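J.:
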Amino acid sequence: MRARILGSAAGGGFPQWNCACSNCLRLRQGRLRGVARTQAQLAVSADGLAWWLVNASPDLRAQIEATPALHPGEGLRQSPIRGVCLTGADADHVLGLLLLREFQPLRLFATASVMRILRDDNSLFRVLDRFAGQSEWTGIVAGRAFSPAPGISITPLGLPGQFPDYVPAALSNALPAQEAVLALVLQSDQGKRLLYAPGLPEMDPGFLEMVENCDLVLVDGTFWSDDELRRVRGSGPSAREIGHLPISGSGGTLELFARVRRPRKIYIHINNTNPVLDEDSAEHRQARDAGWEIAQDGWEFEL
Numbered sequence: 366m367r368a369r370i371l372g373s374a375a376g377g378g379f380p381q382w383n384c385a386c387s388n389c390l391r392l393r394q395g396r397l398r399g400v401a402r403t404q405a406q407l408a409v410s411a412d413g414l415a416w417w418l419v420n421a422s423p424d425l426r427a428q429i430e431a432t433p434a435l436h437p438g439e440g441l442r443q444s445p446i447r448g449v450c451l452t453g454a455d456a457d458h459v460l461g462l463l464l465l466r467e468f469q470p471l472r473l474f475a476t477a478s479v480m481r482i483l484r485d486d487n488s489l490f491r492v493l494d495r496f497a498g499q500s501e502w503t504g505i506v507a508g509r510a511f512s513p514a515p516g517i518s519i520t521p522l523g524l525p526g527q528f529p530d531y532v533p534a535a536l537s538n539a540l541p542a543q544e545a546v547l548a549l550v551l552q553s554d555q556g557k558r559l560l561y562a563p564g565l566p567e568m569d570p571g572f573l574e575m576v577e578n579c580d581l582v583l584v585d586g587t588f589w590s591d592d593e594l595r596r597v598r599g600s601g602p603s604a605r606e607i608g609h610l611p612i613s614g615s616g617g618t619l620e621l622f623a624r625v626r627r628p629r630k631i632y633i634h635i636n637n638t639n640p641v642l643d644e645d646s647a648e649h650r651q652a653r654d655a656g657w658e659i660a661q662d663g664w665e666f667e668l
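Going by my numbering, the sequence shown opens with residue 366, and the numbers climb by one from there.
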């Protein structure tokens, strides 16, 4: 199984279009040792020919153009992209679906709640269903493995998160909370496992035990500290309040993953305010010294 990181930043990318924080400003001015990043996006393939997307970022069109393996083949409309598996309904995970509306047959996998939010309560996403068979939606259930194609098995893991703010409160309260946020374990025919968890609201001992059985983990690295937005912007919610365990501090992922030895550990979905984006920062060195890598667009893995 091949896996490629098409994008590694949190919503808004890096630099963010309307942000002049220290990170964004210095990157634009060439004074930060680091690289620009598009919004988090993963693509996987069992044979290098047919590809499956994990989520659909707003930057998807540019990410496809930057990845020759995803370019159309011979013929007028022969995209190697076969479908998309969604981990939730967050805007930065689903807006790219609208870029795939060009009468391309696709298979789409999502929880029943996410399908209801997108298909039933948001008429814009009906552009994916303008002719019979354009989109084949399949419900997925936490803990129940499915195979989008031969050579790839995916097990969704329900996480204790929340539905996005744009979902009306009445609907959000009526939907099963366990269907709001998923992590995915992707397994190859050779038994190699990749965990993809761009949003990690909480962890329990069972989750860490599962991580030890993986070969590669791509884990929520959105914020360095719980109060990061407040310190940078002067106000805002904490990392935990918007569903992201911070990297540092008590109960942060550096601490929680400290005893995890087997998998290769990579932070992904990194917010533009996160100091780990600065490769000269103490925070970047601390994460690297703890055995973590900081994802960049274009990294590819064989499993």
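By construction, the Cβ of each residue, glycine as well, lies at the ideal position given by its N, Cα and C atoms.
As the structure is a computational prediction, the values presented were derived from the model and not from experiment.
1. Answer with buried or exposed for asparagine 636, where buried requires no fewer than 16 other C-beta atoms within 10 angstroms of its C-beta.
2. Cβ of serine 553 within 8 Å of Cβ of glycine 508?
3. Between Gln406, Phe379, Ala405, Ser444, which lies nearest to arginine 393 when the distance is taken from Cα to Cα?
4. Quick check on the DSSP output: the alpha helix (DSSP H) that includes valine 532 runs from which residue to which?
5. Report yes or no: do three or more beta-carbon pairs, one from the region 419 to 428 and one from the region 445 to 465, lie closer than 8 Å?
6. For alanine 368 and aspartate 569, what's the separation of their Cα atoms in angstroms?
7. From arginine 626 to alanine 535, what distance separates their C-alpha atoms?
8. Could you pull the DSSP bridge partners for phenylalanine 528 from this structure?
9. In angstroms with no decimal places, state the Cα-to-Cα distance between glutamate 648 and glycine 656.
10. Going by C-alpha to C-alpha distance, which of Asp486, Phe496, Val546 sits closest to threonine 312?
11. Do aspartate 585 and glycine 564 have their C-beta atoms within less than 8 Å of each other?
12. Relative to the C-alpha of tryptophan 664, which residue among Gln406, Asn383, Ala652 is closest?
13. Give me the Cα-Cα distance between tyrosine 632 and alanine 497, rounded to the nearest whole angstrom.
14. Within its chain, find whatever has a CB closer than 8 Å to the CB of glutamate 577; leave out the 5 residues flanking it on each side and keep chain order.
15. Tell me which residue opens and which closes the beta strand (DSSP E) that glycine 372 is part of.
16. Pick out whichever of Ser590, Ile505, Pro566, Leu489 has its Cα sitting closest to the Cα of leucine 473.
17. What's the C-alpha gap between lysine 630 and aspartate 662?
18. For arginine 558, count neighbouring Cβ atoms within 10 angstroms of its own Cβ and tell me buried if that reaches 16, exposed if not.
19. Taking 8 Å as the cut-off, decide whether the C-beta atoms of valine 492 and leucine 464 are in contact.
20. Is alanine 434 near proline 445, with beta carbons less than 8 Å apart?
21. If you check the beta carbons only, do leucine 524 and leucine 560 fall under 8 Å apart?
22. Taking the alpha carbon of valine 459 as the reference point, which residue from Arg595, Pro513, Leu489, Leu594 has its own alpha carbon closest?
23. Report all residues from its chain with a CB closer than 6 Å to the CB of glutamine 383; omit the five preceding and five following residues, and keep chain order.
24. Round the Cβ separation of histidine 609 and threonine 638 to the nearest angstrom and send it over; I've been treating them as touching at under 8 Å.
25. Alpha carbon to alpha carbon, how far is aspartate 643 from aspartate 654?
26. Just to confirm the assignment, what range does the beta strand (DSSP E) spanning leucine 547 have?
27. Helix, strand or coil for glutamine 404 per DSSP?
28. Which ranges does the beta strand (DSSP E) cover as unbroken runs of at least 3 residues, wholly within the region 428 to 479, from first to last along the chain?
29. According to DSSP, simplified to helix, strand and coil, what is aspartate 585?
30. Using CA coordinates, which residue listed in Asp580, Asp494, Met480, Glu574 is at the minimum distance from proline 541?
31. Since leucine 621 contacts leucine 549 with CB under 8 Å, what's their CB separation in whole angstroms?
T.: Concretely, from the data shown:
1. buried
2. no
3. Phe379
4. Here valine 532 belongs to no alpha helix (DSSP H), and DSSP marks it neither H nor E.
5. yes
6. 26 Å
7. 43 Å
8. Paired residues: none, contrary to the question.
9. 13 Å
10. For residue 312 there is no data in the structure shown, the boundaries of the chain being 366 and 668.
11. yes
12. Gln406
13. 40 Å
14. Val625, Arg626, Arg627, Pro628
15. 367 to 372
16. Ile505
17. 16 Å
18. buried
19. no
20. yes
21. no
22. Leu489
23. Before going further, note that residue 383 is asparagine rather than glutamine in the sequence given. Contacts found: none.
24. About 12 Å separates the two Cβ atoms, so there is no contact after all.
25. 15 Å
26. 546 to 553
27. strand
28. 446 to 450, 471 to 475
29. strand
30. Met480
31. Actually they are not in contact, since the Cβ atoms of leucine 621 and leucine 549 sit about 19 Å apart, beyond 8 Å.
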